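Participant: Got a structure for you, written out below as structure tokens; questions coming shortly.
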Amino acid sequence: MMLPTDQHRKRRNCDMASPHSTASPNLPTCLVTGADGFIGSHLTELLVARGYRVRALVQYNSWGHWGWLDEAACKARIEVVLGDIRDAAFCRTLVRGVDIVFHLAALIAIPYSYRAPESYAQTNVLGTLNMCQAALEAGVRRFVHTSTSEVYGTARYVPIDESHPLQPQSPYSASKIGADAMAQSFHASFGLPVTVARPFNTYGPRQSARAVIPTIITQIAAGKRRIELGDLRPTRDFNYVEDTCRGMVALAECDAAVGEVVNIGSNYEVSIGDTARLIAELMGASVEFVCDPQRMRPAASEVQRLWCDNRKIERLTGFKPAIALREGLQRTIAWFTQPEHLRHYRADHYHV
1 MMLPTDQHRK RRNCDMASPH STASPNLPTC LVTGADGFIG SHLTELLVAR
51 GYRVRALVQY NSWGHWGWLD EAACKARIEV VLGDIRDAAF CRTLVRGVDI
101 VFHLAALIAI PYSYRAPESY AQTNVLGTLN MCQAALEAGV RRFVHTSTSE
151 VYGTARYVPI DESHPLQPQS PYSASKIGAD AMAQSFHASF GLPVTVARPF
201 NTYGPRQSAR AVIPTIITQI AAGKRRIELG DLRPTRDFNY VEDTCRGMVA
251 LAECDAAVGE VVNIGSNYEV SIGDTARLIA ELMGASVEFV CDPQRMRPAA
301 SEVQRLWCDN RKIERLTGFK PAIALREGLQ RTIAWFTQPE HLRHYRADHY
351 HV
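The sequence shown begins at 1 in the UniProt record's numbering and counts up by one.
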């Protein structure tokens, strides 16, 4: 772990955190923003399993729900805080006493970004600014900012490395490009030890219903024979959530990754159509895939091809993905088809 500079040694006392008896006293305290979400909940579990102290930020709600952390086995071993990264004062309190920040909190649904683009700028760009400023003031030792492969847009060349041009083909991707730039500017301007982790298409248990793999699985599990999807032609580089989280932790533990943008992906390209057919095969289902116009992106906004060049993360950290697509889909199907999980999803309704 990189030693903090004199500027980063200036740390405020924390009036929120308390030591956890199950955590290792030799490992840092981590903050995971967006811990109630799909990737964030898995990352929280991984960090706890590795002995880290974990503070988990859940988006404020009046019911006190913790999102997917409500079902996590580690929930008794973490400190959960409800709040909103759009509030700068809250962010300053949230980060006190933290060594490593994993910043995942964001609005991510691409279709909804067409309807409410300002909310994406507020959460993704302003929220990242607030978190960077708070982390700088608190003297954190590492700030891992979560990007997305959507910032690359349709590939101009493949596989896509970190030098590929950024193309804002949706309000969502534009907001993430802005958020990435904000985090990078805090490294260049103030020495904040930032790493921009850029995962390609993560999938697995707990993923949102607006993503394509849960859409396919839940419709088949509900007994549908006509599976409604958008465009089947685009390609993606799918990565099982466990691998994405392992990659993020590897970057946080790598001194050479400070100041870098690093892809996390499998270096394997597959079309949406072929993925859908593989899921149907694994589920033993005879189905027809049909195009639902409301699920189509505007033509110039569709990202036609994503294929990750993952050589940089391997060179820096030695990380390699461990879960192949077939195995990852089998695990994902097994989770989604359990009745207690399937009830969270509405297969008969299109989620924007």
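The C-beta atom is built at its ideal place from N, Cα and C for all residues, glycine as well. Computed from a predicted structure; not experimentally measured.
Which whole-angstrom value is the C-beta distance of ARG233 and SER173, which I expect to be below 8 Å?
Facilitator: That pair is no contact at about 19 Å.
Participant: Evaluate contact between the segment 110-122 and the segment 170-186, counting only Cβ atoms and requiring at least three cross-stretch pairs below 8 Å.
Facilitator: The segment 110-122 is in contact with the segment 170-186.
Participant: To the nearest angstrom, how far is it from the Cα of VAL58 to the Cα of GLN219?
Facilitator: Going from the Cα of VAL58 to the Cα of GLN219 covers about 29 Å.
Participant: Does the Cβ-Cβ distance between MET248 and VAL144 come in under 7 Å?
Facilitator: A contact, by the Cβ cut-off of 7 Å.
Participant: Where DSSP assigns a beta bridge to ALA188, which residues make up the other side?
Facilitator: The partner list for ALA188 (beta bridge, DSSP) is empty, contrary to what the question assumes.
Participant: Which residues share a DSSP beta bridge with HIS103?
Facilitator: THR33, HIS145.
Participant: Is it true that the CB of ARG198 sits closer than 7 Å to the CB of ASN263?
Facilitator: Yes, the Cβ-Cβ distance between ASN263 and ARG198 is below 7 Å.
Participant: Would DSSP call ALA74 helix, strand or coil?
Facilitator: According to the sequence shown, residue 74 is Cys rather than Ala. In this structure, CYS74 counts as coil in the three-state DSSP scheme.
Participant: Whose C-beta lies closer than 7 Å to the C-beta of TYR345 among residues of the same chain, with five residues either side of it excluded?
Facilitator: Counting only Cβ-Cβ distances below 7 Å, and skipping sequence neighbours, we find ALA209, PRO214, THR218.
Participant: Is there a Cβ of chain C sitting closer than 7 Å to that of ALA285, yes or no?
Facilitator: Absence of chain C from the displayed structure is noted, only one protein chain being present.
Participant: Apply the 10 Å Cβ neighbour rule to PRO321 and answer buried if 16 or more other Cβ atoms are within range, or exposed otherwise.
Facilitator: It counts as buried.
Participant: Among CYS245, THR29, ASP243, VAL81, whose alpha-carbon lies nearest the alpha-carbon of ASN61?
Facilitator: It is VAL81 whose Cα lies nearest to the Cα of ASN61.
Participant: With burial defined as no fewer than 16 other Cβ atoms inside 10 Å of the residue's Cβ, what is the status of VAL98: buried or exposed?
Facilitator: So VAL98 counts as buried.
Participant: May I ask which residues mark the beginning and end of the alpha helix (DSSP H) holding ILE108?
Facilitator: From DSSP, ILE108 is part of no alpha helix (DSSP H); its letter is neither H nor E.
Participant: With a threshold of 16 other CB atoms inside 10 Å of the CB of GLU281, please say whether the residue is buried or exposed.
Facilitator: Label assigned to GLU281: exposed.
Participant: For ARG156, which three-state DSSP category applies?
Facilitator: Coil, per DSSP.
Participant: Could you check the C-alpha separation between GLY328 and SER301 for me, to the nearest Å?
Facilitator: Using only the alpha carbons, I get a separation of about 28 Å.
Participant: Out of ARG92, ASP36, ARG311, VAL158, which one is the CA nearest neighbour of GLU79?
Facilitator: That would be ASP36, whose Cα lies nearest to the Cα of GLU79.
Participant: Can you tell me which of PHE200, GLU118, CYS291 puts its alpha carbon nearest to the alpha carbon of ASP231?
Facilitator: That would be CYS291, whose Cα lies nearest to the Cα of ASP231.
Participant: By the three-class DSSP mapping on this structure, what secondary structure does PRO199 have?
Facilitator: Here PRO199 sits in strand by DSSP.
Participant: Are there 16 or more other CB atoms within 10 angstroms of the CB of TRP68, so buried, or fewer, so exposed?
Facilitator: With 16 or more Cβ atoms within 10 Å of its Cβ, TRP68 is classed as buried.
Participant: Which residues mark the beginning and the end of the beta strand (DSSP E) in which GLU79 is found?
Facilitator: It spans 79-83 - the beta strand (DSSP E) in which GLU79 sits, taken as one unbroken run.
Participant: Could you name the residues of the same chain whose beta carbon sits closer than 8 Å to that of LYS312, not counting the 5 residues immediately before and after it, in chain order?
Facilitator: Counting only Cβ-Cβ distances below 8 Å, and skipping sequence neighbours, we find ASP161, GLU162, GLU260, VAL262, ASN263.
Participant: On the DSSP letters alone, give me the boundaries of the beta strand (DSSP E) that CYS291 sits inside.
Facilitator: Its beta strand (DSSP E) spans residues 288-291.
Participant: DSSP three-state label for CYS308, please.
Facilitator: In the structure shown, CYS308 sits in a strand (DSSP, three-state: E or B).
Participant: Any contact between the segment 239-246 and the segment 38-47? By contact I mean 3 or more CB pairs, one from each, below 8 Å.
Facilitator: Output reads yes: the segment 38-47 touches the segment 239-246.
Participant: At the level of alpha carbons, what is the spacing between ILE236 and THR332?
Facilitator: With the sequence shown as reference, residue 236 is identified as Arg, and Ile is not the correct amino acid for it. Their Cα atoms are separated by approximately 17 Å.
Participant: If ALA276 sits next to ILE216, beta carbons under 8 Å apart, how far is it from one beta carbon to the other, in whole angstroms?
Facilitator: Going by Cβ atoms, the distance from ALA276 to ILE216 rounds to 5 Å, so yes, they are a contact pair.
Participant: May I have the straight-line CA-CA distance separating ALA72 from LEU325, to the nearest angstrom?
Facilitator: One C-alpha to the other measures close to 24 Å.
Participant: Which residue comes first and which comes last in the beta strand (DSSP E) that contains ASN130?
Facilitator: Unbroken run through ASN130 is the alpha helix (DSSP H), 127-138; no beta strand (DSSP E).
Participant: DSSP beta-bridge partners for PHE238?
Facilitator: Answer by DSSP bridge pairing, in chain order: ASN201.
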